[in-house]
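Asks:
2 protein chains.
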Amino acid sequence: MAKARGQVDEFVAGDHPVFVGVGALAMLQRSLGQSGHGVKYFVLGDDITLAACLPELLAHVPALANAPTIEVHHGERSKDLEVCSNLWNYLVENGADRSSVLVCLGGGVITDLGGFVAGAYMRGIRSVHVPTSLMGMVDAAIGGKSAIDLAGVKNLVGLFAPPVGTYVHPPFLRTLGKRELLNGVAEMIKHGLIRDAAHWNAVRRAPLHDLDALLPLILRSAAIKAEVVTEDPRESGPRKLLNFGHTIGHALEAYTLESQKRSLLHGEAVAIGMICESWLSWRLGHFDRDKMDAVQEHLLGLYPPVVLQDTDHHRVVELMRSDKKNREGVFHFTLLTDIGAAVTDVPVTAAQASSALDHYRLLAVDARPRNRNEA
Amino acid sequence: MAKARGQVDEFVAGDHPVFVGVGALAMLQRSLGQSGHGVKYFVLGDDITLAACLPELLAHVPALANAPTIEVHHGERSKDLEVCSNLWNYLVENGADRSSVLVCLGGGVITDLGGFVAGAYMRGIRSVHVPTSLMGMVDAAIGGKSAIDLAGVKNLVGLFAPPVGTYVHPPFLRTLGKRELLNGVAEMIKHGLIRDAAHWNAVRRAPLHDLDALLPLILRSAAIKAEVVTEDPRESGPRKLLNFGHTIGHALEAYTLESQKRSLLHGEAVAIGMICESWLSWRLGHFDRDKMDAVQEHLLGLYPPVVLQDTDHHRVVELMRSDKKNREGVFHFTLLTDIGAAVTDVPVTAAQASSALDHYRLLAVDARPRNRNEA
Numbered sequence: 001m002a003k004a005r006g007q008v009d010e011f012v013a014g015d016h017p018v019f020v021g022v023g024a025l026a027m028l029q030r031s032l033g034q035s036g037h038g039v040k041y042f043v044l045g046d047d048i049t050l051a052a053c054l055p056e057l058l059a060h061v062p063a064l065a066n067a068p069t070i071e072v073h074h075g076e077r078s079k080d081l082e083v084c085s086n087l088w089n090y091l092v093e094n095g096a097d098r099s100s101v102l103v104c105l106g107g108g109v110i111t112d113l114g115g116f117v118a119g120a121y122m123r124g125i126r127s128v129h130v131p132t133s134l135m136g137m138v139d140a141a142i143g144g145k146s147a148i149d150l151a152g153v154k155n156l157v158g159l160f161a162p163p164v165g166t167y168v169h170p171p172f173l174r175t176l177g178k179r180e181l182l183n184g185v186a187e188m189i190k191h192g193l194i195r196d197a198a199h200w201n202a203v204r205r206a207p208l209h210d211l212d213a214l215l216p217l218i219l220r221s222a223a224i225k226a227e228v229v230t231e232d233p234r235e236s237g238p239r240k241l242l243n244f245g246h247t248i249g250h251a252l253e254a255y256t257l258e259s260q261k262r263s264l265l266h267g268e269a270v271a272i273g274m275i276c277e278s279w280l281s282w283r284l285g286h287f288d289r290d291k292m293d294a295v296q297e298h299l300l301g302l303y304p305p306v307v308l309q310d311t312d313h314h315r316v317v318e319l320m321r322s323d324k325k326n327r328e329g330v331f332h333f334t335l336l337t338d339i340g341a342a343v344t345d346v347p348v349t350a351a352q353a354s355s356a357l358d359h360y361r362l363l364a365v366d367a368r369p370r371n372r373n374e375a
Numbered sequence: 376m377a378k379a380r381g382q383v384d385e386f387v388a389g390d391h392p393v394f395v396g397v398g399a400l401a402m403l404q405r406s407l408g409q410s411g412h413g414v415k416y417f418v419l420g421d422d423i424t425l426a427a428c429l430p431e432l433l434a435h436v437p438a439l440a441n442a443p444t445i446e447v448h449h450g451e452r453s454k455d456l457e458v459c460s461n462l463w464n465y466l467v468e469n470g471a472d473r474s475s476v477l478v479c480l481g482g483g484v485i486t487d488l489g490g491f492v493a494g495a496y497m498r499g500i501r502s503v504h505v506p507t508s509l510m511g512m513v514d515a516a517i518g519g520k521s522a523i524d525l526a527g528v529k530n531l532v533g534l535f536a537p538p539v540g541t542y543v544h545p546p547f548l549r550t551l552g553k554r555e556l557l558n559g560v561a562e563m564i565k566h567g568l569i570r571d572a573a574h575w576n577a578v579r580r581a582p583l584h585d586l587d588a589l590l591p592l593i594l595r596s597a598a599i600k601a602e603v604v605t606e607d608p609r610e611s612g613p614r615k616l617l618n619f620g621h622t623i624g625h626a627l628e629a630y631t632l633e634s635q636k637r638s639l640l641h642g643e644a645v646a647i648g649m650i651c652e653s654w655l656s657w658r659l660g661h662f663d664r665d666k667m668d669a670v671q672e673h674l675l676g677l678y679p680p681v682v683l684q685d686t687d688h689h690r691v692v693e694l695m696r697s698d699k700k701n702r703e704g705v706f707h708f709t710l711l712t713d714i715g716a717a718v719t720d721v722p723v724t725a726a727q728a729s730s731a732l733d734h735y736r737l738l739a740v741d742a743r744p745r746n747r748n749e750a
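Shown next as structure tokens:
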């Protein structure tokens, strides 16, 4: 599946190639260098990625030296229709035409946003993804899904619009803090849980501060994501495996976005979602209790507990109703059957989903004071 | 290519089927009747089409009896991002999920807008096109292009998002006035000019008031559009044939939209575009002068002359620069080589385009008083 080529591993994710390794940006330079004369490039990033990563990108990819850079504010709130409108205006005012290329330099927000903007500009111009976060490298920048949020619903509007290539340059991880790294680790844990028990064990034991030790795990996670996407680029079947932790996770994320009380990173919400959904996996008879305990214990150890009230639960379940995955008024979950195996389309009632949130609340209440004492 | 089936002709336009005939809506009813239980339908239309055509649609398609209807204001200004935002909000608030279907009942504005809204809602739900204008029946609703206008540029943002089917019900033409009919005739003339001299002659001589006489011509025009789209669904080559009259036509349409002085219907702008571009076809050595004269004479006889000033020309040429068809700063036109034949990608300078507008101005100034005297 993965084929070594110098310092770059290369594999296919559905409709687009993924290049992982310290030589990835050199491959991007080679690829852009082969574009026709007169092709215009634009670099999209946020205030953080343009400051922290653009110089290194330009050092490796001189073809982008004269590309205008477009900056949006960092964070989920930039996945917004008005931001898209500004970007489309910018592109047309700066002469972007059908042959132009939008290079998305950033985490999941930037590749989701940029993929959508490029995918709909003039009915689709080319995009290139250069993920700078761990979340982007192992998940968001792979598979061609793009989206923005609307009406308080995560990813309500978007496209399957694959980039021409995703170029994963691991040294960008040095620009991340621990919270950002953990954000991506949540998806790596998910990849292990749904597909590969050995990967789950390796990620569980990985020293997060050691990027050299992380690199093979990033490669494996990116490859799992790419494998699943390749089996089902349009999410009609197997790709739903990737939704484990996300039905409740997305609703939690949307809830914290609308309540503005606190903001949860995507991976933090998915970690809570995985706790709830591993509980549902056990409760509905698919998953052993001791395995559920192991999953919960590990996730509770990594991610700070978030205590929601009963009234919050009501709204979170309501938000699940507008989730794309819930066809025709019934919730359909991806649940674990083992460490490394999952099933999709398990019907779950609103009451069961609410019980899962109750279960998490008890764990979180329990965990919070203990963490405080330890601090 | 076209295959008779009862009172319906059926053919393929790239990624989707087209059904033409008085039995088309019965086929839509049959198709919707086979959808799964719990699938939600929504009908999008404008104030005019919902009043004039919805009762007849529901009479033929009882499966839509309980479908919520969504009304936008008629006219090009509804191809707007804020309108899209309202529609996406409406859909999510009314429980539209991935299995839902958006039925677009209207002219080109409605199918362009609805195709885009459906194509991006939850990364794409199904749409059905039921064109009610001649323009929609022979052109806009066929081929899967959808778009909205932005930054004063026609169709700047959009998708290739084919409907699951286009159902052409000719009796809807009775709801149209003469100006609306002529709007669609412009595209039928274009179909003849780029592909089929016999069709050009037939359309030229057709009695517009006689819908029975028009029907076979509508069928032929829809089939030409479908043929060209099938050869090149993503507009990388032959589909550009359809751009004849549209490079200047689109810019004129955008100009009248932004100036708010008068509004030109799409077909009226394309008619002027075809006059200008048949002149360019002759001027650049591709097309005989007597054929150019015949094209111009016919179009000037059908469409009211519009006198633009030199200052307008400057802005129109500027707007051409943001046209999707103009790769890398050069204008590329589709020009006629004969009645019934055209070539794509002919480089044209801004000065030549401006001369074509000058040429039209002289014809229009000349035509205007004469028409007044005749009136």
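Listed in order, the protein sequences are those of chains A and B. The first sequence runs 1 to 375 under this note's numbering. The second sequence runs 376 to 750 under this note's numbering. The C-beta atom is built at its ideal place from N, Cα and C for all residues, glycine as well. Note that this is a predicted model, so its numbers are computed, not measured.
(1) Just to confirm before moving on: does the CB-CB distance between A:Leu335 and A:Leu300 stay below 8 angstroms?
(2) Where do the ends of the alpha helix (DSSP H) carrying B:Tyr465 lie?
(3) Does the distance from the C-beta atom of A:Val18 to that of A:Ala226 stay below 8 angstroms?
(4) Report the option in B:Ser730, B:Asp713, B:Pro680 whose CA atom is closest to the CA atom of B:Arg743.
(5) Which word fits A:Leu362, buried or exposed, when buried means at least 16 other C-beta atoms lie within 10 angstroms of its C-beta?
(6) To which residues of the same chain is A:Asp290 closer than 6 angstroms at the C-beta, ignoring the five residues directly before and after it?
(7) Using the rule of at least 16 other Cβ atoms within 10 Å of the residue's Cβ for burial, across every protein chain shown, is B:Ser634 buried or exposed?
(8) For A:Tyr360, which three-state DSSP category applies?
(9) Using the beta-carbon count (16 or more within 10 Å), is B:Pro538 buried or exposed?
(10) Under the three-state reduction of DSSP, which class applies to A:Cys53: helix, strand or coil?
(11) Given a threshold of 16 other Cβ atoms within 10 Å of its Cβ, counted over all protein chains shown, does B:Ala731 qualify as buried or as exposed?
(12) Roughly how many angstroms separate the alpha carbons of A:Val130 and A:Gly95, rounded to a whole number?
(13) Quick check: B:Leu403 and B:Val418, are their CB atoms within less than 8 angstroms of each other?
(14) Please list the terminal residues of the continuous alpha helix (DSSP H) segment that includes A:Glu253.
(15) Spatial neighbours of B:Asn746 within its chain, please: C-beta separation below 6 angstroms, excluding the five flanking residues on both sides.
(16) Can you list the residues of chain A that B:Phe535 reaches, using a CB-CB cut of under 8 angstroms?
(17) Cβ of A:Leu57 within 8 angstroms of Cβ of A:Leu25?
(18) Are the CB atoms of B:Asp422 and B:Glu457 within a distance shorter than 8 angstroms?
(19) Only counting the same chain, and skipping five residues up and downstream in sequence, which positions put a Cβ closer than 6 angstroms to that of B:Ala717?
(20) So, with DSSP's three-state summary, where would you put B:Gly540?
(21) In terms of residue numbering, what span does the beta strand (DSSP E) encompassing A:Asp345 cover?
(22) Compare the C-beta of B:Ser453 against all C-beta atoms of chain A and say whether one is closer than 8 angstroms.
(23) Can you confirm whether A:Val92, when its beta carbon is compared against all beta carbons of chain B, has any partner nearer than 8 angstroms?
(24) Would B:Val476 pass as a contact of B:Val503 if the rule is Cβ separation under 8 angstroms?
(25) Can you tell me whether A:Arg5 is helix, strand or coil according to DSSP?
(26) When we look at the beta-carbon of A:Asp196 and count the other beta-carbons within 10 Å, is it buried (16 or more) or exposed?
(27) Just list the residues that DSSP pairs B:Ile753 with in beta bridges.
(28) Tell me which same chain residues have a C-beta within less than 6 angstroms of the C-beta of A:Ala186, skipping the five on either side of it?
(29) Run through DSSP, which three-state label would A:Ala375 get?
(30) Indicate whether the contact test is met: 3 or more Cβ pairs, each with one atom in the region 160 to 176 of chain A and one in the region 246 to 258 of chain A, closer than 8 angstroms.
(31) Figure out for me which residue from A:Glu253, A:Thr166, A:Ala151 has the closest Cα to the Cα of A:Val219.
(32) Can you name the residues that DSSP bridges to B:Tyr496?
(33) Comparing the C-beta of A:Leu150 with each C-beta of chain B, is any distance below 8 angstroms?
(34) Exposed or buried, what is B:Arg554 when buried is set at 16 or more other beta-carbons lying within 10 Å of its beta-carbon?
(35) Please state the DSSP three-state secondary structure of B:Glu606.
(36) Can you give me, in chain order, the residues of the region 226 to 247 of chain A that have a beta carbon less than 7 angstroms from any beta carbon in chain B?
Replies: By the coordinates alone:
(1) no
(2) Start and end: 456 to 468.
(3) yes
(4) Comparing Cα-Cα distances from B:Arg743 to each of B:Ser730, B:Asp713, B:Pro680, the minimum goes to B:Pro680.
(5) exposed
(6) none
(7) exposed
(8) Shown here, A:Tyr360 sits in a helix according to DSSP, grouped into three states.
(9) buried
(10) coil
(11) The residue is buried, with at least 16 neighbouring Cβ atoms inside 10 Å.
(12) Cα to Cα, the separation comes out at about 23 angstroms.
(13) Taking 8 angstroms as the Cβ cut-off, B:Leu403 and B:Val418 do not qualify as a contacting pair.
(14) Where A:Glu253 is concerned, the enclosing alpha helix (DSSP H) stretches over 246 to 259.
(15) The predicted model places B:Asn746 with a pLDDT of 47, which falls under 50 and marks its position as unreliable; any figure quoted below should be read in that light. Hits under 6 angstroms: none found.
(16) Arg123, Gly124
(17) Using a Cβ distance threshold of 8 angstroms, A:Leu57 and A:Leu25 count as a contacting pair.
(18) no
(19) Ile569, Leu616, Phe619, Thr709, Leu711
(20) Strand at B:Gly540.
(21) 341 to 348
(22) no
(23) yes
(24) yes
(25) In this prediction, A:Arg5 scores a pLDDT of 46, lower than 50, which makes its location untrustworthy; no coordinate-derived value is stated.
(26) Burial of A:Asp196 is indicated by the presence of at least 16 other C-beta atoms within 10 angstroms of its C-beta.
(27) With chain B covering 376 to 750 only, the question about residue 753 of chain B has no answer from this structure.
(28) Gly267, Val270, Ala271
(29) In this prediction, A:Ala375 has a pLDDT of 33, which is less than 50 and means its spatial position is unreliable; what the coordinates show is noted afterwards. Residue state for A:Ala375 is assigned as coil, using DSSP reduced to three classes.
(30) no
(31) Reading off the sequence, residue 219 of chain A comes out as Leu, not Val. Nearest C-alpha to A:Leu219: A:Thr166.
(32) A:Val157
(33) yes
(34) exposed
(35) helix
(36) For chain B, none of the residues of the region 226 to 247 of chain A brings a beta carbon within less than 7 angstroms of one of its beta carbons.
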